[in-house]
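Beneath this line is the structure, given in structure tokens, with notes to follow.
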Amino acid sequence: MKCTTVIGARPQFIKAAPVSRAFAAAGIQQVLVHTGQHYDSKMSEVFFRELEIPLPQHSLGLGGGTHGAMTGRMLEGIEKILLEDRPDWVLVFGDTNSTLAGALAATKLHIPVCHVEAGLRSWNRRMPEEINRVLTDHVSDRLFCSSEPGVENLRREGITAGVEMVGDVMADTNKLAQEVVAGRSAEFLQTATPEMLADEFALLTLHRAENTDDPVRFRALVEQLNRLNIRVVFPVHPRTRKTLEREKLSLGDHIVTIDPVGYLEMVLLLDQARLVLTDSGGLQKEAYWSRTPCLTLRTETEWVETVEAGWNVVLGGEVESLAEMVDAVAKPSSWEPLYGDGNAAGRIVAALST
Ligand code: UD1
Ligand code: UDP
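If you read the sequence shown in the working numbering, its first letter stands for residue 1219, the second for the next number, and so on.
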């Protein structure tokens, strides 16, 4: 069996790492295609190194540009590779433009598509991720869900064949990283400094289009963040750095901006933060696994279980209540495992092998 895996953006490197390991352990040939959607070394190379992901056989270097232009270039590039390689499966992760391009290129060539993190829905079609995941699910032959709501969401859209709940591959990566990081600190600090973490702090990430592409909402968010009474450590996504410059916005002295960090450093930051402020998908679950409360800077979340468990609160449309909500964030007294046991990748590879 030959499986071609299409990745391209930061969260996909983190999701692909355990699956690549499981393929290798099962002796299955895997071809990695990196679209180049993310290309800075701190958005890409660092994860290959830290998480020991094999180097891609194909690096397309197709990042940047508008959605249509980027997706179209990727579609063409991936199709060319698939025509030459003719794999038995094409594997895609999550909901980025690289996901959609990989799935479309494969299905048009009648190559079965396997979607990892299938069935996730925000029910907000203004999100580029929602379009990518709906379309990918509807052309996929095997759909691996992270939790039961994903299976139910697919059922509501008439997709039942090939659907399996395997748990979350991010839990696999997180579990391994937690073991590496346990009890250690300074050796994994490459970008943050021990002084930044000395006092109580909030960890902030912010990059989603619905925040950064909406100047009114983005400005309101920055105003609120500037009012917080807690030190904030903020690894800045390149998109957001550009938005801050474009909108000529400055951040308060209590907000310490740093470059994007590697995964091990991120796990350390998540473990040590008093709370997480984020619009990331992955960070909401990772905050939960680190037992750190999360305030999600969006109008809705796909990761509803974290909210139901009381560890995640969604900001909503009323940005003005952010500072007040931060003050109210408290650690719930109970916690139980969510999103699997850290062996989702093993289940995926086993399912594809049968
Ligand atoms: C993409 C995904 C989003 C995901 C995020 C993870 C889509 C539609 N969006 O958003 O779902 O949450 O990745 O981080 O696929 N840039 C750099 N260097 C890089 C990468 C990006 O400078 O290494 C800048 C470029 O100006 C680029 C912009 O960031 O145009 C946006 O990058 P893009 O990949 O289009 O979207 P993300 O916001 O990263
Ligand atoms: N991440 C990281 N360093 C950073 C920011 C994020 O390692 O500086 C990791 C984070 O822990 C998570 C993944 O990147 O595993 C999430 O990516 P991102 O927030 O970019 O995308 P999303 O999950 O929103 O699609």
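All C-beta atoms in this analysis are idealised placements derived from N, C-alpha and C, irrespective of residue type, glycine included.
* Ranges of the beta strand (DSSP E) found wholly within the region 1478–1505, counting only runs of at least 3 -> 1493–1496
* To do: Can you tell me which of the three DSSP states K1260 falls into?
  => coil
* Asked: Which residues mark the beginning and the end of the beta strand (DSSP E) in which F1362 is found?
  -> 1360–1363
* Length of the line joining the Cα atoms of L1394 and T1510 -> 18 Å
* Asked: Nearest to E1463 by CA position, among S1571, V1440, R1449, is which residue?
  -> V1440
* Would you say the beta carbon of T1524 comes nearer than 7 Å to a heavy atom of ligand 2? -> no
* 6 Å CB neighbourhood of A1240 in its chain, flanking five on each side removed -> A1563, G1564, V1567
* At what residue ranges does the region 1516–1555 contain a whole run of the beta strand (DSSP E), taking only runs of 3 or more? -> 1530–1532
* Three or more C-beta pairs closer than 8 Å, one from the region 1252–1262 and one from the region 1275–1284: is that the case here? -> yes
* Asked: Do Y1481 and L1269 have their CB atoms nearer than 8 Å?
  -> yes
* **Inter-residue Cα distance where the pair is K1503 and L1488** => 11 Å
* Return helix, strand or coil for R1457, following the three-state DSSP convention. => helix
* To do: Tell me whether V1479 counts as near ligand 2, meaning its Cβ is closer than 7 Å to at least one heavy atom of that ligand.
  => yes
* To do: Compute the minimum distance between the beta carbon of M1383 and the heavy atoms of ligand 1, and state whether it is under 7 Å.
  => no
* **Segments assigned beta strand (DSSP E), at least 3 residues, entirely inside the region 1363–1432** => 1381–1383, 1419–1423
* Which two residues bound the contiguous alpha helix (DSSP H) that contains K1220? -> From DSSP, K1220 is part of no alpha helix (DSSP H) but of the beta strand (DSSP E) over 1220–1225.
* Of all the options R1445, V1494, A1420, which has the alpha carbon lying nearest to the alpha carbon of T1514? -> V1494
* Asked: For L1533, which residues from the same chain have a beta carbon less than 7 Å from its beta carbon, with the 5 sequence-adjacent residues on both sides left out?
  -> L1513, T1514, L1515, R1516, L1540, M1543
* Indicate whether N1371 and R1344 have their beta-carbon atoms separated by less than 8 Å. => no
* Asked: Which two residues bound the contiguous beta strand (DSSP E) that contains T1514?
  -> 1512–1514
* Would the beta-carbon of I1232 be found less than 7 Å away from any heavy atom of ligand 2? -> yes
* Mapping DSSP to helix, strand and coil, what is W1341? -> coil
* To do: Give every residue of the same chain whose Cβ lies closer than 7 Å to the Cβ of R1457, excluding the five residues on either side of it in the sequence, and list them in chain order.
  => H1425, T1430
* Asked: Between R1449 and F1406, is the Cβ-Cβ spacing less than 8 Å?
  -> no
* Where A1235 and N1350 are concerned, what is the direct C-alpha to C-alpha distance, given to the nearest angstrom? -> 21 Å
* Roughly how many angstroms separate the alpha carbons of D1559 and V1522, rounded to a whole number? -> 18 Å
* **Rounded straight-line distance, which links the Cα of L1556 to that of S1358** => 25 Å
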